[in-house]
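Participant:
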Amino acid sequence: MYAEYGYSDEKPLGKAYDLGLFKRLYPYVRPYRKLLIWAVIIVLLISVLELALPYVTKVAIDRFIVPQTLEETDIQTGGNDGEADKARFLTVELEDSKVRKIVQDHPPLFSTEGNTARVPVADLDRLSREEISLLRAEDLKGVARIAMLFIAIIVFQFILNFLQVMVLEYAGQGIMHDLRIALFSHLQTLSLSFFNRNPIARLVTRTTNDIQNMHELFTSVIVFVFKDFALLVGITGVMLAIDWRLALICFTVLPFVLYASLNFSKRAREVFRILRIKTAEINTRFSETIAGMRVIQLFRREKQNFEGFRALNHEFYDAGMEQVRIFAVFMPLIEILSSVALALVIYFGGAGVLSERITIGVLVAFISYMRMFFRPIRDIAEKYNVLQNAMSSAERIFLLLDTDDRLPEPAPEKAPPAPDRIDSIELADVCLSYIPNEPVLRGVSLRVKAGETMAIVGPTGSGKTSLTNLIARFYDPTAGRVRINNRDIREWRAGDLRSRMALVSQDPFLFSESIRSNIVLGDGRLTDADLTRILEESNSRAIVDRLSEGLDTPLSEAGASLSSGERQLISIARAFARNPELIILDEATSYIDSETEIRIQQALANRMRNRTAILVAHRLSTARHADNIIVLHQGRIIESGTHSQLMGRKGFYYRLNRVQKSPEVSEVLETL
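Here's what the structure looks like:
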């Protein structure tokens, strides 16, 4: 069988539209939209609480620490220039007897008016600490209430943050679960030609790394963007409400922030896309190196393989360093702009406090808000990092989901019911090409009736395995028809036909599960007695008996813990367990010794009685007893008949027999 094209390298994609990708993601988000809405509401509440903290601090300073009840009055300084200084007074209520006693003890300091008294702030230091504490007892209580409110806000923030994390993770994990299931399900529908073109590591990267990047998009970006923008809008509104002049002065740095952000986003996008490409390529190289280690070491290709990986790894390194350079410029630049804005607040706000245009509380609140203002900008930049990484992954995921490299299937309502049995298999003038204009099969026509055994023989590369692939409908013919029960195979649903077939390939594949699971493949109808009989018939009993856990012995990846022959015997047992109507044996005994092969052939003879069988045979002794032998050469049927008929003709089949029996193989090969 010819290889399919050879897999293509990862290629950069064209321009990606994030809005379009979000639209593609919406069907996976829709089942969890209520959770995401709740997450947004919780995040907005958290933002409100964060906005409240600096304002609460301002209230504490202006109302209680430096009380708002301080009044301004003009007092002559005694100079002749008529200038006046501004003095501030603390007003106290005289209802408290202790406060009234202090006022009575210091009459020069206090001026009384009705039930209130006031004292200049400058004269408070002439009172004892205890007296000042009594005068400011209400302020102390106010500060305590503010402190308790501050703590309550922090505790409520903690509760909301906990809820937000739980809700977001539940939604994010659910979305990724559904996306991964959709991707995995889609992969199983694709034709074998797709997997021949795409390396395993690339597909593994799509379902692991890329899906995980999408998880970060939903748990770290989408909802928190609402929080960051809510904070920016909220801080802007509060600052304008407190003092619009000072707020506008602080916002003079925003054009520089906007320019830096746009420049950063443009450069970061391409870098992240390159990183995703290189990640898939590195995974592919690792996978191929591990799978082909025997060949690499045998042919001493370690140095060349290392050089190839080093070049690929250096490309990944360069892309990673470009990402670092972009962030190394952007993040410090944002910090510098943040410091400039803070310096503006201190300078102009401090001048406002000195001129008593604004209070100390306003200045403290502005400093806090300016620190908060640049935090969402930094967060948005970091989340843009995650967003670009996720969008690069989304492009690759949807590129894979959009791949429609599937064999056409009839709609369920139009497909005929599954056949009760396979009465006949027919190939009518079939051609097959894996690569355009390079045919593997040319005008092949044959017919197999129910209960017959047909053998397919021929040199390597003659198209034997390709022919069986057409019957199992792993591929569709380039021209001609494959018919089952006189109906084009494309009219049936492939699953209905394959459920009546079993295939034993030359290089069988076993899953990383127990031997029992590999034989049964989920068929719960098989009893232990059935399995014992199947092991005996397939000559696999000795393999199972020597293992400590018997049928429950777990196998390593692809059954590597077993020899090639043992894997083939287990594969034959798996075919027997299916009890198929059609059994296809593609060099099924190629890794088995002659003695074991004889026993397997006896078992196959018993199993294939009253069943249809197609044998791809390398050893012609396997094909000797077939009802019909098809001889393929260069993709064409050049002979057909029984063993005795073909031997009597002394044609190609006759010469193949001489190749296997004669010690003078080289002389015979020259006559082929």
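Quick note on numbering: the sequence shown equals residues 15 to 686 in this note's numbering. In this text, a Cβ means the ideal position worked out from N, Cα and C, and glycines have one as well.
Expressed to the nearest angstrom, what Euclidean distance is found between the alpha-carbon atoms of residue 597 and residue 212?
Facilitator: On the sequence shown, position 583 is the one that residue 597 refers to. On the sequence shown, position 198 is the one that residue 212 refers to. Each residue's Cα considered, the two are about 29 Å apart.
Participant: For residue 381, which residues in the same chain have their Cβ closer than 8 Å to its Cβ, ignoring the five residues on either side in sequence?
Facilitator: As a working note, residue 381 is residue 367 in the sequence shown. Cβ neighbours of residue 381 beyond the five flanking positions: 356, 359, 360 and 363.
Participant: Quick one: using the 10 Å Cβ neighbour count with 16 as the cut-off for buried, is residue 127 buried or exposed?
Facilitator: For the purposes of this step, residue 127 is taken as residue 113 along the sequence shown, with counting starting at 1. By the 10 Å Cβ count, residue 127 comes out exposed.
Participant: For residue 463, which beta-bridge partners are listed by DSSP?
Facilitator: Stepping through the sequence shown from its first residue, residue 463 is reached at position 449. 438.
Participant: What separation, rounded to the nearest whole angstrom, lies between the Cα atoms of residue 339 and residue 284?
Facilitator: Your numbering for residue 339 matches position 325 in the sequence shown. Your numbering for residue 284 matches position 270 in the sequence shown. Going by the C-alpha atoms only, they are around 14 Å apart.
Participant: So what does DSSP say about residue 448, is it helix, strand or coil?
Facilitator: Position 434 of the sequence shown holds residue 448. Residue 448 falls in the strand class under three-state DSSP.
Participant: State the DSSP-derived secondary structure class of residue 646, mapped to helix, strand or coil.
Facilitator: Counted from its first residue, the sequence shown places residue 646 at position 632. Strand, per DSSP.
Participant: Kindly give me the distance between the Cβ atoms of residue 587 and residue 552, rounded to whole angstroms, as I take these residues to be in contact under 8 Å.
Facilitator: Counting from 1 along the sequence shown, the entry for residue 587 is found at position 573. Counting from 1 along the sequence shown, the entry for residue 552 is found at position 538. 4 Å between Cβ atoms; contact.
Participant: Out of 484, 475 and 466, point me to the one whose CA is closest to residue 444's CA.
Facilitator: In the sequence shown, residue 444 corresponds to position 430, counting from 1. Of the candidates 484, 475 and 466, the one whose C-alpha sits nearest the C-alpha of residue 444 is 484.
Participant: Ignore the nearest five residues each way along the sequence and tell me which others in residue 401's own chain have a CB closer than 7 Å to its CB.
Facilitator: The count along the sequence shown starts at 1 and reaches residue 401 at position 387. Correct list, in chain order: 231 and 235.
Participant: Whole angstroms are fine: how far does the CA of residue 414 sit from the CA of residue 197?
Facilitator: Indexing the sequence shown from 1 puts residue 197 at position 183. Indexing the sequence shown from 1 puts residue 414 at position 400. Those two C-alpha atoms are separated by around 8 Å.
Participant: On the three-state DSSP scale, how would you describe residue 626?
Facilitator: In the sequence shown, counting from the first residue as 1, residue 626 sits at position 612. Residue 626 falls in the strand class under three-state DSSP.
Participant: Quick one, which of 165, 547 and 468 has its alpha-carbon nearest residue 66's?
Facilitator: Numbered from its first residue, the sequence shown carries residue 66 at position 52. Of the candidates 165, 547 and 468, the one whose C-alpha sits nearest the C-alpha of residue 66 is 165.
Participant: Is residue 143 helix, strand or coil by DSSP?
Facilitator: Taking the first residue of the sequence shown as 1, we reach residue 143 at position 129. Residue 143 falls in the helix class under three-state DSSP.
Participant: Taking buried to mean at least 16 other C-beta atoms within 10 Å of its own C-beta, is residue 624 buried or exposed?
Facilitator: Residue 624 sits at position 610 when you count from the first residue of the sequence shown. Classification of residue 624: exposed, given that the 10 Å Cβ count is below 16.
Participant: Does the Cβ of residue 451 have 16 or more other Cβ atoms within 10 Å, making it buried, or fewer, making it exposed?
Facilitator: Position 437 of the sequence shown, counting from 1, holds the residue named residue 451. Counting Cβ neighbours within 10 Å, residue 451 comes out exposed, since fewer than 16 surround it.
Participant: Since residue 103 and residue 62 are thought to touch, with beta carbons under 8 Å apart, how far apart are those beta carbons, to the nearest angstrom?
Facilitator: Mapped onto the sequence shown, residue 103 falls at position 89. Mapped onto the sequence shown, residue 62 falls at position 48. In fact, because the Cβ distance is near 36 Å, the residues do not count as touching under 8 Å.
Participant: Measure how close the beta-carbons of residue 655 and residue 642 come, nearest whole angstrom, since I'm counting them as under 8 Å.
Facilitator: In the sequence shown, the residue the question calls residue 655 occupies position 641. In the sequence shown, the residue the question calls residue 642 occupies position 628. Right, the Cβ-Cβ distance comes to about 7 Å (below 8 Å), so this counts as a contact.
Participant: Roughly how many angstroms lie between the CA atoms of residue 246 and residue 490, to the nearest whole one?
Facilitator: On the sequence shown, position 232 is the one that residue 246 refers to. On the sequence shown, position 476 is the one that residue 490 refers to. Cα to Cα, the separation comes out at about 59 Å.
Participant: What residues in its chain sit with their C-beta under 6 Å from that of residue 667, if we drop five residues either side in the sequence?
Facilitator: For the purposes of this step, residue 667 is taken as the residue at position 653 of the sequence shown. Cβ within range, chain order: 645, 653 and 660.
Participant: On the DSSP letters alone, give me the boundaries of the beta strand (DSSP E) that residue 127 sits inside.
Facilitator: Position 113 of the sequence shown holds residue 127. Per DSSP, residue 127 belongs to the beta strand (DSSP E) from 125–127.
Participant: Could you tell me the alpha carbon to alpha carbon distance between residue 386 and residue 244, rounded to whole angstroms?
Facilitator: Locating residue 386 in the sequence shown gives position 372, counting from the first residue. Locating residue 244 in the sequence shown gives position 230, counting from the first residue. Whole-angstrom Cα-Cα distance: 12 Å.
Participant: Taking the runs of the alpha helix (DSSP H) that are 4 residues or longer, which of them lie wholly in the stretch 519–598?
Facilitator: Taking only runs of at least 4 residues, the alpha helix (DSSP H) segments lying wholly in the stretch 519–598 are 529–534, 542–551, 555–559 and 578–592.
Participant: Please determine, among 560, 499 and 536, the residue with the shortest C-alpha to C-alpha distance to residue 626.
Facilitator: One-based indexing of the sequence shown puts residue 626 at position 612. When only C-alpha atoms are compared, the closest one is 499.
Participant: Tell me the rounded alpha-carbon separation between residue 276 and residue 568.
Facilitator: Working through the sequence shown from its first residue, we reach residue 276 at position 262. Working through the sequence shown from its first residue, we reach residue 568 at position 554. Those two C-alpha atoms are separated by around 55 Å.
Participant: Let me check understanding here. Comparing Cα to Cα, which of 510, 40 and 71 lies closest to residue 429?
Facilitator: In the sequence shown, counting from the first residue as 1, residue 429 sits at position 415. It is 510 whose Cα lies nearest to the Cα of residue 429.
Participant: Return the first residue and the last residue of the alpha helix (DSSP H) that residue 186 is part of.
Facilitator: As a first step, residue 186 is located in the sequence shown; it is residue number 172 there, counting from the start. Unbroken alpha helix (DSSP H) run through residue 186: 151–203.
Participant: Mind the definition here: the stretch 425–441 touches the stretch 458–473 only if three or more C-beta pairs lie below 8 Å; say whether that holds.
Facilitator: Verdict: yes, contact present.
Participant: Let me check understanding here. Comparing Cα to Cα, which of 154, 470 and 150 lies closest to residue 657?
Facilitator: Position 643 of the sequence shown, counted from the first residue, corresponds to residue 657. Nearest option by C-alpha distance: 470.
Participant: Output yes or no for whether 8 Å exceeds the beta carbon distance between residue 584 and residue 533.
Facilitator: The count along the sequence shown starts at 1 and reaches residue 584 at position 570. The count along the sequence shown starts at 1 and reaches residue 533 at position 519. The answer is yes: Cβ separation under 8 Å.
Participant: From the DSSP output, which residues share a beta bridge with residue 404?
Facilitator: Start at 1 with the first residue of the sequence shown, and residue 404 comes out as number 390. Beta-bridge pairing links residue 404 to no other residue.
Participant: When you compare each of 80, 495 and 519 to residue 589 by their alpha carbons, which one comes out closest?
Facilitator: Taking the first residue of the sequence shown as 1, we reach residue 589 at position 575. Measuring from the Cα of residue 589, the nearest candidate turns out to be 519.
Participant: Put residue 495 into one of helix, strand or coil per three-state DSSP.
Facilitator: Taking the sequence shown and counting its residues from 1, the one referred to as residue 495 is at position 481. Here residue 495 sits in strand by DSSP.
Participant: Taking the alpha carbon of residue 411 as the reference point, which residue from 172, 152, 229 and 142 has its own alpha carbon closest?
Facilitator: Within the sequence shown, residue 411 is the residue found at index 397, counting from 1. Out of 172, 152, 229 and 142, 229 has the C-alpha closest to the C-alpha of residue 411.
Participant: Suppose the cutoff is 8 Å on Cβ atoms and the five residues either side in sequence are ignored; what does the same chain contact list for residue 348 look like?
Facilitator: Counting from 1 along the sequence shown, the entry for residue 348 is found at position 334. Taken in chain order, the residues that qualify are 271, 274, 388, 391, 392 and 395.
Participant: Going by CA-CA distance only, name the one from 409, 167, 254 and 329 that's closest to residue 225.
Facilitator: In the sequence shown, residue 225 corresponds to position 211, counting from 1. Per the Cα distances, 409.
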